[in-house]
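Asks: My questions all concern the structure below.
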Amino acid sequence: MGAPRAATILHADLDAFYASVEQLLDPSLRGRPIAVGGGVVLAASYEARATGVRSGMPGWQARRLCPDLRFVGGHFGEYQRLGDAVVDLFEEFTPLVERVSIDEAFLDVHGAAHLFGAPAQIAAAIRRRVRDELGLPVSVGVARTKHLAKVASQVAKPDGLVVVDPEHERAFLDPLPVGLIWGVGPVTRARLAEAGIETIGQLARARNELLEPLLGQAASSKLGMLAENVDPRHVVTARRASSVGAQSALARQPASAPLIRSTLGYLVDRAAGRLRAGRRAARTVTVRVRFAGLRSVTRSSTFPVAVSATLTLAEAATALALEALAAHPEERDVTLVGVSLSNLVGEPGLQLELPGIGLDDRSRPGSPWGSTRWGVDRSVDAIRDRFGRHAIGYASSSLGEVDRVPEAFRTLAERRDDGVRSTP
DNA sequence: TCTGGGGTCCTAGGACCC
DNA sequence: TCTGGGGTCCTAGGACCC
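Quick note: the first sequence uses our numbering, first residue 153, plus one each step.
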């Protein structure tokens with residue numbers, strides 16, 4: 153709706169990013185099916201994908217599909233460095249860069265034409281420079297809205313460029329499968345298929361009275377808008393996360409209080425450290441426990457004041473997890489434990505758990521624990537800043553050999569706030 | 001031998017308030 | 001004395017994204 157606009161939004165998506173970096177680092181891997189990961193496929197090269205290998209797939213299944221598959225260890229630091237370098241390159245063309253993840257970003261180039269030419273030329277230049285200077289393939293979609301640009305980059309993959317002219321948007325969208333719409337996953341796709349809807353064109357023509365009972369109110373109106381090609385979103389350069397969490401898959405094992413306590417000790421330690429690094433505190437703690445058979449349950453509780461102290465959060469998380477286990481006595485084994493901190497409060501307005509108003513004081517009137525814990529956490533944070541996170545910690549905060557993924561992978565997966573990056 | 005880790009948003013029921 | 005509507009917050013679960 154509104155006045156017609158030119159196609160100035162770019163969506164740039166690095167192709168099979170982790171796998172491409174591995175092939176860049178080791179030329180003998182180029183042109184071969186490779187996967188990053190081990191127990192599970194974190195990324196697969198296009199050669200591997202051709203055999204059906206997909207990210208998230210268990211390693212044994214991937215090997216069965218592709219006997220030639222080479223698993224390579226992840227150079228997570230390199231992924232971070234190269235991902236940052238790509239975004240720096242984008243920012244040479246426009247300050248309006250919205251980083252969606254390590255390997256994906258939106259750019260608004262409406263003000264860049266006089267310097268760098270038309271959006272399609274900018275897209276071509278970006279692709280060339282990322283290839284020449286960093287050695288990586290990147291696909292780019294160019295269109296009038298974020299959604300169209302994103303769909304276009306998916307269509308462009310691998311290593312391609314698709315420009316959607318504003319006059320031909322309907323013709324571009326109509327024949328595409330609904331699964332290309334942002335927000336349509338396997339469940340929604342199956343529901344739509346039952347109603348005979350498989351293409352975006354069919355979805356755009358479907359009546360809301362048909363969709364709403366099928367998908368719910370919010371989803372049907374959102375999808376309806378995207379299918380009808382209405383997307384009011386703008387490119388946003390800075391955005392703060394609304395929750396901070398950590399989780400860990402465990403080798404299937406009986407749920408015991410010590411296991412829960414030590415695992416959550418480690419996970420809360422990580423999450424709370426990030427919380428404090430962002431000068432924030434949380435009011436809500438949510439714990440997730442997954443049982444064998446992938447069934448999972450959550451428990452959450454909300455404090456009257458925001459909390460950032462590791463021990464206070466860990467106690468709350470442990471209590472919630474034990475409660476969840478007690479509610480399911482039929483489940484003996486756990487396969488995953490996770491924690492998420494939400495309802496975040498930042499400065500200004502951050503009322504840390506201080507003596508006299510803190511949580512601890514509800515059970516221990518006048519207890520100075522709130523401030524003591526705050527001081528201890530600050531000291532631990534400071535020492536870790538200087539010497540690394542293993543230099544110091546709570547006795548219960550180590551996962552030891554239980555941790556199945558490298559620490560660097562966890563760090564890589566974190567969404568960083570406010571466009572803050574490690575490069576200047 | 002059925003799956004990693006970090007996130008966002010939505011729904012539905014219940015408590016509570018006016 | 002059996003009965004209204006609206007709003008907000010909390011909780012549990014689920015779909016989806018990278």
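Glycine residues also receive a C-beta, built at the ideal position from the N, C-alpha and C atoms.
What you are looking at is a predicted structure, and each value in this text was computed from that prediction instead of being measured.
Which class does Gly189 belong to by DSSP, given the choice of helix, strand or coil?
Replies: Taking the first residue of the first sequence as position 1, residue 189 is located at position 37. Look at Gly189 here: in three-state DSSP terms it is strand.
Asks: I need the boundaries of the beta strand (DSSP E) containing Ser448, first residue and last residue.
Replies: Here the question's residue 448 lines up with position 296 in the first sequence. Run containing Ser448: 448 to 459, per the beta strand (DSSP E) assignment.
Asks: With a 10 Å radius around its C-beta and 16 neighbouring C-beta atoms as the bar for buried, classify Ser492 as buried or exposed.
Replies: Looking up residue 492 in the first sequence gives position 340. Result: buried.
Asks: Where do the ends of the alpha helix (DSSP H) carrying Val441 lie?
Replies: Taking the first residue of the first sequence as position 1, residue 441 is located at position 289. Counting along the chain, Val441 sits inside no alpha helix (DSSP H); it lies in the beta strand (DSSP E) bounded by residues 432 to 443.
Asks: In the DSSP output, which residue or residues are listed as bridge partners for Glu475?
Replies: Counting from one through the first sequence, the residue named residue 475 turns up at place 323. Paired residue(s): none; Glu475 is not in a bridge.
Asks: Near Val330, what residues of its chain come up, given a Cβ to Cβ distance below 7 angstroms and the 5 sequence neighbours on each side ignored?
Replies: Within the first sequence, the letter at position 178 stands for residue 330. For Val330, where only same-chain residues beyond five positions count, the Cβ hits under 7 angstroms are Val336, Arg341, Leu344, Ile349, Glu350, Thr351, Ile352, Leu355.
Asks: So what does Phe268 bridge to, in DSSP terms?
Replies: Within the first sequence, the letter at position 116 stands for residue 268. For Phe268, which the question treats as bridged, DSSP gives no partner whatsoever.
Asks: Ile544 lies in the beta strand (DSSP E); which residues open and close that run?
Replies: For this step, residue 544 is matched to residue 392 along the first sequence. For Ile544, there is no enclosing beta strand (DSSP E), as DSSP marks it with neither H nor E.
Asks: Under a three-way DSSP split, which group does Arg573 fall into?
Replies: By 1-based counting over the first sequence, the position of residue 573 is 421. Per-residue confidence for Arg573 stands at a pLDDT of 41, beneath the threshold of 50, marking its modelled position as unreliable; no derived number is given.
Asks: Between which two residues does the beta strand (DSSP E) harbouring Gly490 extend?
Replies: Counting from 1 along the first sequence, the entry for residue 490 is found at position 338. Residues 485 to 498.
Asks: Could you tell me which residues DSSP puts in a beta bridge with Phe561?
Replies: Your numbering for residue 561 matches position 409 in the first sequence. Paired residues: none, contrary to the question.
Asks: Going by Cα to Cα distance, which pick from Ser414, Glu199, Ile278, Arg322 is closest to Val382?
Replies: Taking the first sequence and counting its residues from 1, one reaches residue 382 at position 230. Closest by alpha carbon: Arg322.
Asks: Rounded C-beta distance between Thr246 and Gly263? I'm assuming under 8 angstroms.
Replies: Your numbering for residue 246 matches position 94 in the first sequence. Your numbering for residue 263 matches position 111 in the first sequence. Right, the Cβ-Cβ distance comes to about 7 angstroms (below 8 angstroms), so this counts as a contact.
Asks: Drop a sphere of 10 angstroms on the beta-carbon of Ser460, count the other beta-carbons inside from all chains shown, and report buried for 16 or more, exposed for fewer.
Replies: Against the first sequence, residue 460 aligns to sequence position 308. Per the 10 Å Cβ criterion, buried.
Asks: For the alpha helix (DSSP H) that Val239 lies in, which residues bound it at each end?
Replies: Here residue 239 corresponds to residue number 87 of the first sequence, with the count starting at 1. From DSSP, the alpha helix (DSSP H) with Val239 extends over 228 to 243.
Asks: Measuring alpha carbon to alpha carbon, tell me which of Gly425, Arg432, Leu419 ends up nearest Thr438.
Replies: Stepping through the first sequence from its first residue, residue 438 is reached at position 286. It is Leu419 whose Cα lies nearest to the Cα of Thr438.
Asks: One question on the structure: do Leu166 and Asp260 come within less than 7 angstroms of each other, judged by their Cβ atoms?
Replies: Reading the first sequence from its first residue, position 14 is the one you call residue 166. Reading the first sequence from its first residue, position 108 is the one you call residue 260. No, the pair does not count as a contact, with Cβ atoms beyond the cut-off.
Asks: Going along the chain, which residues of its own chain have a beta-carbon closer than 8 angstroms to the beta-carbon of Ser372, five neighbours each way excluded?
Replies: As a working mapping, residue 372 is identified with position 220 in the first sequence. Cβ neighbours of Ser372 beyond the five flanking positions: Asn360, Leu363, Glu364, Leu366.
Asks: Candidates Ala469, Thr462, Thr464: which alpha carbon is nearest Arg111's?
Replies: Because the chain spans 153 through 576 in this model, residue 111 falls outside it and cannot be assessed.
Asks: Does the stretch 479 to 488 come close enough to the stretch 534 to 547 to have 3 or more Cβ pairs within less than 8 angstroms?
Replies: no
Asks: If you run the structure through DSSP and keep just helix, strand and coil, what is Thr351?
Replies: For the purposes of this step, residue 351 is taken as residue 199 along the first sequence, with counting starting at 1. In this structure, Thr351 counts as strand in the three-state DSSP scheme.
Asks: DSSP on Ser372, reduced to helix/strand/coil?
Replies: Against the first sequence, residue 372 aligns to sequence position 220. In the three-state reduction of the DSSP assignment, Ser372 falls in the helix class, which pools H, G and I.
Asks: Tell me, to the nearest whole angstrom, how far the beta carbon of Leu248 is from that of Val387; I am working on the premise that it is less than 8 angstroms.
Replies: Within the first sequence, the letter at position 96 stands for residue 248. Within the first sequence, the letter at position 235 stands for residue 387. Yes, Leu248 and Val387 are in contact; Cβ-Cβ is about 5 angstroms, under 8 angstroms.
Asks: Identify the continuous beta strand (DSSP E) that holds Leu580 and give its terminal residues.
Replies: Limits of the chain in this structure are 153 at one end and 576 at the other, which puts residue 580 out of reach.
Asks: On the criterion of 16 or more Cβ atoms from any shown chain inside 10 Å, does Val188 qualify as buried, or is it exposed?
Replies: On the first sequence, residue 188 is found 36 positions in, with the first residue counted as 1. Its Cβ being crowded by 16 or more others within 10 Å, Val188 is buried.
Asks: Let me confirm a value: Phe455 is counted as buried when at least 16 other C-beta atoms fall within 10 Å, else exposed. Which label applies?
Replies: Here the question's residue 455 lines up with position 303 in the first sequence. Classification for Phe455: buried.
Asks: How about Val294 and Ala272: do their beta carbons lie closer than 7 angstroms?
Replies: Taking the first residue of the first sequence as position 1, residue 294 is located at position 142. Taking the first residue of the first sequence as position 1, residue 272 is located at position 120. Against a cut-off of 7 angstroms, the Cβ pair of Ala272 and Val294 comes out as a contact.
Asks: Identify, in the order they occur along the chain, each residue of the same chain with its Cβ nearer than 6 angstroms to the Cβ of Leu176, setting aside the five sequence neighbours on each side.
Replies: Sequence index remark: in the first sequence, residue 176 carries index 24 (1-based). For Leu176, where only same-chain residues beyond five positions count, the Cβ hits under 6 angstroms are Gly287.
Asks: Compare the Cα-Cα distances from Arg391 to each of Met209, Pro327, Gly430 and report the closest residue.
Replies: Within the first sequence, residue 391 is the residue found at index 239, counting from 1. Cα-wise, what sits closest to Arg391 is Gly430.
Asks: Write down the C-beta distance between Ala304 and Val290 rounded to the nearest angstrom, noting that I regard them as a contact closer than 8 angstroms.
Replies: Translated into the one-based positions of the first sequence, residue 304 becomes position 152. Translated into the one-based positions of the first sequence, residue 290 becomes position 138. About 13 angstroms separates the two Cβ atoms, so there is no contact after all.
Asks: Using the rule of at least 16 other Cβ atoms within 10 Å of the residue's Cβ for burial, across every protein chain shown, is Phe258 buried or exposed?
Replies: Taking the first sequence and counting its residues from 1, one reaches residue 258 at position 106. Classification for Phe258: buried.
Asks: Considering only C-alpha positions, which residue in the set Pro558, Leu162, Leu474, Gly397 is nearest to Ala270?
Replies: Along the first sequence, one-based indexing puts residue 270 at 118. Looking at the Cα atoms, Leu162 is the closest of the given residues.
Asks: Just verifying my parser: in three-state terms, what is the DSSP assignment at Asp220?
Replies: Against the first sequence, residue 220 aligns to sequence position 68. Coil, per DSSP.
Asks: Work out the CA separation of Leu241 and Arg157 for me, nearest whole Å.
Replies: The count along the first sequence starts at 1 and reaches residue 157 at position 5. The count along the first sequence starts at 1 and reaches residue 241 at position 89. Cα to Cα, the separation comes out at about 26 angstroms.
Asks: Beta-carbon separation of Gly211 and Gly190 under 7 angstroms?
Replies: Locating residue 211 in the first sequence gives position 59, counting from the first residue. Locating residue 190 in the first sequence gives position 38, counting from the first residue. Yes, Cβ-Cβ distance for Gly211 and Gly190 is below 7 angstroms.
Asks: Taking the CB atoms as reference points, tell me whether Gln399 and Gly312 lie closer together than 7 angstroms.
Replies: Looking up residue 399 in the first sequence gives position 247. Looking up residue 312 in the first sequence gives position 160. No, these two residues do not count as a Cβ contact at 7 angstroms.
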